[in-house]
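Q:
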Amino acid sequence: MWDKPALMNAVANTLFAAAALLVLVAVAMQVAQLPAFSLREVRVGGELKHVTRDQVEDVVRRELMGNFFTINLAATRAAFERLPWVRHANVRRQWPARLDVVLEEHVPFARWATTALVNTHGEVFRAAYDEELPIFVGPDGAAREIAIQYRYFRRSLGAIGETPVEVQVTARRAWQVKLASGMTLALGRESVEERLARFVTVHDRTLGQLNRRIDYVDLRYANGFAVRIPELRHEKAEPKRGRRTG
Numbered sequence: 001m002w003d004k005p006a007l008m009n010a011v012a013n014t015l016f017a018a019a020a021l022l023v024l025v026a027v028a029m030q031v032a033q034l035p036a037f038s039l040r041e042v043r044v045g046g047e048l049k050h051v052t053r054d055q056v057e058d059v060v061r062r063e064l065m066g067n068f069f070t071i072n073l074a075a076t077r078a079a080f081e082r083l084p085w086v087r088h089a090n091v092r093r094q095w096p097a098r099l100d101v102v103l104e105e106h107v108p109f110a111r112w113a114t115t116a117l118v119n120t121h122g123e124v125f126r127a128a129y130d131e132e133l134p135i136f137v138g139p140d141g142a143a144r145e146i147a148i149q150y151r152y153f154r155r156s157l158g159a160i161g162e163t164p165v166e167v168q169v170t171a172r173r174a175w176q177v178k179l180a181s182g183m184t185l186a187l188g189r190e191s192v193e194e195r196l197a198r199f200v201t202v203h204d205r206t207l208g209q210l211n212r213r214i215d216y217v218d219l220r221y222a223n224g225f226a227v228r229i230p231e232l233r234h235e236k237a238e239p240k241r242g243r244r245t246g
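All residue numbers for the sequence shown refer to the working numbering, where the first residue is 1 and numbers rise by one.
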């Protein structure tokens with residue numbers, strides 16, 4: 001190697017370049033730490049109905065570390081997304097000393113049993129909410145599927161003036177829908193849409209003519225359905241009249 005000047009010069013040039021680069025990086029890191037580059041403003045935007053100013057200020061105070069150059073944007077985004085109502089946070093630097101944060105809130109769509117909420121994307125989240133919502137009940141991971149089916153149920157049942165207020169699906173994929181009128185529809189595991197469509201089609205000329213309160217309809221039949229009318233259990237059948245003799 002020592003008798004190859006060209007190779008030695010190339011190695012030396014590489015070492016000098018690497019040393020110069022290290023020096024530049026060190027200088028840049030020192031400059032980036034100067035107080036002149038401190039973050040002086042955090043601007044939070046988005047259509048916010050549930051995220052409060054106090055929650056945002058708490059995140060800024062506890063979680064934002066570093067200055068304009070050294071702040072960890074991924075960690076900052078994660079800190080905002082830990083707020084109960086935040087579905088997604090977009091965080092970016094704005095020269096010279098501002099951080100722009102745009103928050104997307106969950107839009108409540110239903111309750112997940114009694115433990116959580118479901119948003120319009122079918123995602124489960126936990127937050128406090130007092131207004132009335134339909135109830136979804138099912139195995140873990142089924143919220144998105146139930147949300148899709150609920151929209152179909154609501155649209156179909158609206159044609160007969162009914163509104164679903166609770167949708168349940170079992171681990172074996174058997175569906176049951178409770179309506180605002182108090183009626184429960186058992187749809188089973190197969191041909192759910194077809195069974196509901198058949199019920200809606202014949203409702204007005206069958207159940208709609210009974211003038212009775214119906215609390216349960218079993219649609220798991222090939223060519224019809226069975227109903228349960230609670231008040232019939234309390235009605236006494238009229239005694240049969242025997243034939244008079246003589």
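Idealized CB from N, CA, C, for every residue including glycine.
Spatial neighbours of Tyr129 within its chain, please: CB distance less than 7 Å, with the 5 preceding and 5 following residues excluded, ordered by chain position.
A: Pro108, Leu117
Q: Can you check which of these residues, Leu196, Glu63, Leu232, Arg233, is closest to Val217 by C-alpha distance?
A: Leu196
Q: Any beta carbon from chain C within less than 7 Å of Val56's own beta carbon?
A: The question asks about chain C, but that chain is absent: this structure has only one protein chain.
Q: Would you mind sorting Gly138 into buried or exposed? The rule is 16 or more other CB atoms within 10 Å of its CB.
A: buried
Q: Taking the alpha helix (DSSP H) that Ala74 belongs to, which residues open and close that run?
A: 73-81
Q: Check whether the stretch 174-181 and the stretch 197-204 touch, using three or more Cβ-Cβ pairs below 8 Å as the test.
A: no
Q: By DSSP's criteria, His88 is part of a beta bridge. Which residues make up the other side?
A: Listed as beta-bridge partners of His88 by DSSP are Glu104.
Q: When you compare only the Cα positions, how much space is there between Thr245 and Glu166?
A: Because Thr245 sits at a pLDDT of 38, beneath the cut-off of 50, its placement in the model cannot be relied upon, and the following sentence gives the value as read from the coordinates. Rounded to the nearest angstrom, the two C-alpha atoms are 59 Å apart.
Q: Spatial neighbours of Glu63 within its chain, please: CB distance less than 7 Å, with the 5 preceding and 5 following residues excluded, ordered by chain position.
A: Thr76, Ala79
Q: Put Pro134 into one of helix, strand or coil per three-state DSSP.
A: coil
Q: Can you give the beta carbon distance from Ala174 to Arg189, rounded, assuming they're within the 8 Å contact cut?
A: 5 Å
Q: Does Tyr221 pass the burial test, meaning 16 or more other C-beta atoms within 10 Å, or should it be called exposed?
A: exposed
Q: Within 10 Å of its beta-carbon, does Val124 have 16 or more other beta-carbons around it, so buried, or fewer, so exposed?
A: Burial call: buried.
Q: If you drop the 5 nearest sequence neighbours on each side, which residues of the same chain put their C-beta closer than 6 Å to that of Asn90?
A: Val102
Q: According to DSSP, is Asp218 part of a helix, a strand, or is it coil?
A: strand
Q: Mapping the DSSP letters down to three states, classify Leu117 as helix, strand or coil.
A: strand
Q: Check whether the Cβ atoms of Arg98 and Glu41 lie closer than 7 Å to each other.
A: yes
Q: Per DSSP, Arg249 is paired with what?
A: The requested residue 249 is not part of the displayed model; the chain covers only 1 to 246.
Q: Measure the beta-carbon distance from Ala142 to Val169 and round it to whole angstroms, keeping in mind my assumption that it falls under 8 Å.
A: 6 Å
Q: Tell me which residues share the same chain as Ser38 and place their Cβ nearer than 6 Å to its Cβ, disregarding the 5 neighbours each side in the sequence.
A: Asn67
Q: Quick check on DSSP: helix, strand or coil for Arg233?
A: helix
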